[in-house]
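Participant: For the protein sequence lines, the chains are B and V, in the order given.
All residue numbers for the first sequence refer to my numbering, where the first residue is -14 and numbers rise by one.
All residue numbers for the second sequence refer to my numbering, where the first residue is -14 and numbers rise by one.
All C-beta atoms in this analysis are idealised placements derived from N, C-alpha and C, irrespective of residue type, glycine included.
None of the values given here were measured: they were computed from a predicted structure.
Protein chains: 2
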Amino acid sequence: MEDCIKILKQKGVKVTSQRTEVFRVLRSVQEHLSVEEVFDKVRKKFPVISLATVYSILEALKNNSLIEELRIIPEKACFNVRTDLHHHFYCKKCKKISDVDIPFCATLDKKEVAGNLIEECKGYFYGICKACRKK
Amino acid sequence: MEDCIKILKQKGVKVTSQRTEVFRVLRSVQEHLSVEEVFDKVRKKFPVISLATVYSILEALKNNSLIEELRIIPEKACFNVRTDLHHHFYCKKCKKISDVDIPFCATLDKKEVAGNLIEECKGYFYGICKACRKK
DNA sequence: ATCTTTAATGATAACGATTATTGTTTAATA
DNA sequence: TATTAAACAATAATCGTTATCATTAAAGAT
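1. Based on DSSP bridge pairs, tell me the residues matched to LYS107 of chain V.
2. Of the residues V:ALA99, V:TYR109, V:SER50 and V:ALA116, which one's Cα is nearest the Cα of ILE58 of chain V?
3. Can a CB atom of chain V be found closer than 9 Å to the CB of VAL39 of chain B?
4. In whole angstroms, what separates the C-alpha of LEU51 of chain V from that of LEU(-7) of chain V?
5. DSSP beta-bridge partners for PHE74 of chain B?
6. Determine, using beta carbons only, whether ILE103 of chain B comes closer than 9 Å to chain V.
7. With a floor of 4 residues, list each alpha helix (DSSP H) that falls wholly inside the stretch 30 to 62 of chain B, ordered by position along the chain.
8. Anything in chain V within Cβ reach of ARG118 of chain B, meaning under 7 Å, just list it in chain order.
9. Give every residue of the same chain whose Cβ lies closer than 7 Å to the Cβ of GLU6 of chain V, excluding the five residues on either side of it in the sequence, and list them in chain order.
10. Alpha carbon to alpha carbon, how far is LYS(-9) of chain B from LEU11 of chain B?
11. Report the partner residues of SER19 of chain B according to the DSSP bridge assignment.
12. List the residues of chain B that ILE113 of chain V touches, going by C-beta distances under 8 Å, in chain order.
13. CA-CA distance, VAL14 of chain V and ARG118 of chain V?
14. Of all the options B:ALA99, B:TYR75, B:ARG4 and B:LYS47, which has the alpha carbon lying nearest to the alpha carbon of THR68 of chain B?
15. Between GLY112 of chain B and GLU105 of chain V, how many whole angstroms is the CB-CB distance? I'm expecting something under 8 Å.
16. Excluding the five sequence neighbours on either side, which residues of its own chain have a C-beta within less than 6 Å of the C-beta of ASN49 of chain B, listed in chain order?
17. What does the Cβ neighbour count give for VAL33 of chain B, buried or exposed, with the cut at 16 atoms within 10 Å?
18. Identify the contact partners of VAL85 of chain B in chain V, using a Cβ-Cβ distance below 9 Å as the criterion.
19. Could you tell me which chain B residues have their CB closer than 7 Å to the CB of ARG56 of chain V, listed as they occur along the chain?
20. Rounded to whole angstroms, what is the Cα-Cα separation between LYS61 of chain B and ASP25 of chain V?
21. Rounded to whole angstroms, what is the Cα-Cα separation between ILE82 of chain B and ARG56 of chain B?
22. One question on the structure: do HIS73 of chain V and HIS17 of chain V come within less than 9 Å of each other, judged by their Cβ atoms?
23. How far does the alpha helix (DSSP H) with CYS117 of chain B in it reach, from first residue to last?
24. Taking only beta-carbon positions, decide if PHE64 of chain V is within less than 9 Å of chain B.
25. In angstroms with no decimal places, state the Cα-to-Cα distance between MET(-14) of chain B and PHE8 of chain B.
26. Classify LYS107 of chain V: buried if its beta carbon has 16 or more other beta carbons within 10 angstroms, exposed otherwise.
27. Could you compute how far the alpha carbon of LEU102 of chain V sits from the alpha carbon of LYS77 of chain B?
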């Protein structure tokens, strides 16, 4: 909790109890949570928080590089606290998202491609996860 | 036009004039069109086609690997006829999508990663395109 | 410690892309 | 040409996200 506040202050993000809690939740689960899931978890401590507030907090945290937004499921945003370069895998069966570490990619490691300046990149893999394949 | 019909038949896709036209439009532009853009172009020849029909045709073509769906702009699907493995670049300024050819990627070339079976992958790059950088 | 200002919050309406529904039409085969 | 299953058009419904606006709270100045 104190950690979260310290990090928010370092980034120059205005500290509120709601923001601290959203950030704390994401840090504690270390998973990829949908907005609805974040909302539900935060409501345990803040029963009257608004969904719109959760959206705005997630936006603020993202803009300060404290969390990452995923769109591996296009119709539903997910967020996680890991912000170093990595990709994601989505299992079509169990619907779970997992991290994919990138060993080397000639395109990804570049800061530009064909003259285009790369500021951000997302790698999304889709298929059947290890656990589901065994079944 | 005849080409389009032949390809549809080869894939076992039921041929209708609307389907042929949607496919023809995508093949002729060789670009990444949103559903609305496809709709507008197809309406030149079929003024009464329904947007829902365009959606369903795009779905059918995609399921038969005749076109590819992009979600580089998460809230808006785009489609193009190129179906070989490649990635995409989105310019935050001019909003244009361009193709990115992948020279080599240790993860991409695999059929699996960490035990997960890869059936599909998408690489999305975001930044400022060559043309916009010059300005 | 209180005041002031500016931004965050909560409640809810609005939006926009997509999907579902249903009656009608059309393509494919017999 | 008749039959049948699927595609189509029109439109309502859905759902994630964004916008609006009045209220509240945080941060710095007094």
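Facilitator: With the given structure in hand:
1. For the purposes of this step, residue 107 of chain V is taken as the residue at position 122 of the second sequence. Bridge partners of LYS107 of chain V: B:TYR109.
2. In the second sequence, counting from the first residue as 1, residue 58 of chain V sits at position 73. When each option's Cα is compared against that of ILE58 of chain V, the closest is V:TYR109.
3. Within the first sequence, numbered from 1, the residue matching residue 39 of chain B stands at position 54. No, VAL39 of chain B does not count as interfacial toward chain V.
4. Counted from its first residue, the second sequence places residue 51 of chain V at position 66. Counted from its first residue, the second sequence places residue -7 of chain V at position 8. Spanning the two alpha carbons is a distance of roughly 8 Å.
5. Here the question's residue 74 of chain B lines up with position 89 in the first sequence. BP columns for PHE74 of chain B point to B:SER83 and B:PHE110.
6. Counting from 1 along the first sequence, the entry for residue 103 of chain B is found at position 118. Flagged as an interface residue toward chain V: ILE103 of chain B, by a C-beta distance shorter than 9 Å.
7. 36 to 48
8. As a position in the first sequence, residue 118 of chain B is number 133, starting the count at 1. Per Cβ cutoff of 7 Å: LEU102.
9. Residue mapping note: residue 6 of chain V aligns to position 21 of the second sequence, counting from 1. In its chain, beyond the 5 residues on either side, VAL27, LYS30 and PHE31 have a beta carbon closer than 7 Å to the beta carbon of GLU6 of chain V.
10. Taking the first residue of the first sequence as 1, we reach residue -9 of chain B at position 6. Taking the first residue of the first sequence as 1, we reach residue 11 of chain B at position 26. Their backbone Cα atoms lie some 16 Å apart in a straight line.
11. As a working note, residue 19 of chain B is residue 34 in the first sequence. Its beta-bridge partners are B:CYS63.
12. Locating residue 113 of chain V in the second sequence gives position 128, where the first residue counts as 1. Result: ASN101, LEU102 and GLU104.
13. Sequence index remark: in the second sequence, residue 14 of chain V carries index 29 (1-based). Sequence index remark: in the second sequence, residue 118 of chain V carries index 133 (1-based). Going from the Cα of VAL14 of chain V to the Cα of ARG118 of chain V covers about 25 Å.
14. Here the question's residue 68 of chain B lines up with position 83 in the first sequence. It is B:LYS47.
15. The residue labelled residue 112 of chain B in the question sits at position 127 within the first sequence. The residue labelled residue 105 of chain V in the question sits at position 120 within the second sequence. Contact holds; Cβ gap of about 7 Å.
16. Counting from 1 along the first sequence, the entry for residue 49 of chain B is found at position 64. Correct list, in chain order: LYS(-4) and VAL(-2).
17. Translated into positions along the first sequence, residue 33 of chain B becomes position 48. That one is exposed.
18. Within the first sequence, residue 85 of chain B is the residue found at index 100, counting from 1. Under the 9 Å cutoff, chain V gives THR92, VAL98, ALA99 and ASN101.
19. Indexing the second sequence from 1 puts residue 56 of chain V at position 71. Near ARG56 of chain V (Cβ distances below 7 Å), the residues of chain B are ARG56 and PRO59.
20. In the first sequence, the residue the question calls residue 61 of chain B occupies position 76. In the second sequence, the residue the question calls residue 25 of chain V occupies position 40. Going by the C-alpha atoms only, they are around 27 Å apart.
21. Residue 82 of chain B sits at position 97 when you count from the first residue of the first sequence. Residue 56 of chain B sits at position 71 when you count from the first residue of the first sequence. Using only the alpha carbons, I get a separation of about 11 Å.
22. Here residue 73 of chain V is taken as the residue at index 88 of the second sequence, counted from 1. Here residue 17 of chain V is taken as the residue at index 32 of the second sequence, counted from 1. For HIS73 of chain V and HIS17 of chain V, yes; Cβs fall inside 9 Å.
23. One-based indexing of the first sequence puts residue 117 of chain B at position 132. Residues 115 to 119.
24. Counted from its first residue, the second sequence places residue 64 of chain V at position 79. Chain B, which has no Cβ nearer than 9 Å to the Cβ of PHE64 of chain V, makes this no.
25. Position 1 of the first sequence holds residue -14 of chain B. Position 23 of the first sequence holds residue 8 of chain B. So the alpha carbons of these two residues sit roughly 9 Å apart.
26. As a first step, residue 107 of chain V is located in the second sequence; it is residue number 122 there, counting from the start. Burial call: buried.
27. The residue labelled residue 102 of chain V in the question sits at position 117 within the second sequence. The residue labelled residue 77 of chain B in the question sits at position 92 within the first sequence. One alpha carbon belongs to LEU102 of chain V, the other to LYS77 of chain B, and they sit about 10 Å apart.
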